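See below for the structure under consideration.
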Amino acid sequence: MVKNQCKANTKTGGRCKNRTGPKNQFCVMHSRENQERAVHYSVFGGLIGHLVGASIGGGVLGALVGALASSKEAPVWRKKRVFVSYDFDADQRIKHAVVAQSQHPKARFEVVDGSLKEAAPDDEWVKRAERKIKNADLVLVLLGRHTYRATGVLTEIQIAKKLNVPIVQLIGYSDSSCRVIKGAGRVYEWNWKNLEKIFATTVHKV
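My numbering numbers the first residue of the sequence shown as 2 and each following residue consecutively.
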């Protein structure tokens with residue numbers, strides 16, 4: 002190993018060959034990336050804390066995400082492909098929050114697609130939804146205040162069942178009532194530990 006070599010890994014999995022800066026374990030480029038990542042996930046922590054409210058708390062989750070983002074190296078694994086099913090008209094914020102969380106270097110999942118905008122699902126809509134869900138390892142239903150009666154979500158759940166794609170439900174807000182959808186998989190509170198549990202047990206499609 003070259004003396005004072007950067008300890009970061011490249012996107013191809015190899016070791017960065019740049020030299021470190023003074024009193025630093027990383028080169029200038031990777032030091033900057035780490036700083037930007039820490040800021041990004043601190044902001045994200047505050048957003049999630051605002052959305053899920055008292056069950057986690059913005060300060061606690063913000064600290065958790067900040068700590069995870071500051072880790073030197075993230076574990077390497079194949080991320081699980083997730084289709085996010087949610088009330089398109091009411092819950093865009095929590096959908097975007099899940100997408101942001103999936104971009105964390107320690108996240109075990111990636112959002113490959115999400116609910117489609119529709120007035121009422123027609124045959125063409127169903128076909129498009131089937132193609133998207135078929136490509137996923139898991140359907141993640143985000144529970145908001147009106148999700149239980151969202152036509153698109155209920156249709157996506159039926160499609161997932163037909164295709165034998167696992168389904169789980171994630172409570173989107175703790176400061177308001179989020180009615181559970183019967184027969185749509187296990188229900189979890191939204192926290193990092195539960196997300197790790199969900200995606201540690203999800204089986205990859207071949």
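Even glycine gets a Cβ: it sits at the ideal position worked out from N, Cα and C.
Keep in mind the model is a prediction, meaning the values are calculated, not measured.
Three-state class that DSSP yields for residue i in the structure shown
i, result
"K81", "strand"
"N195", "helix"
"Q26", "coil"
"D124", "helix"
"F200", "helix"
"K163", "helix"
"K1", "This structure cannot settle anything about residue 1, because the visible part of the chain is limited to 2 through 207."
"I182", "coil"
"R146", "coil"
"G15", "coil"
Residue i - partner residues in DSSP beta bridges
i, result
"L141", "V85 and V169"
"V188", "Q170"
"Q6", "R20"
Rounded distance between the beta-carbons of residue j and residue i, thought under 8 angstroms
i, j, result
"L164", "K135", "5 angstroms"
"V169", "L141", "6 angstroms"
"V83", "A137", "6 angstroms"
"K128", "A108", "With a Cβ gap of about 30 angstroms, K128 and A108 do not count as contacting."
"E157", "A130", "6 angstroms"
"R146", "S116", "Not a contact, Cβ separation roughly 16 angstroms."
"L143", "K96", "6 angstroms"
"N10", "T21", "With a Cβ gap of about 14 angstroms, N10 and T21 do not count as contacting."
| Can you list, in chain order, the stretches of the alpha helix (DSSP H) that have 4 or more residues and sit fully within the segment 90 to 116? | 93 to 103
| Inter-stretch contact at 8 angstroms, needing at least 3 Cβ pairs: the segment 100 to 111 / the segment 164 to 178 | no
| query | Between the segment 80 to 95 and the segment 143 to 150, do three or more beta carbon pairs fall short of 8 angstroms? | reply | yes
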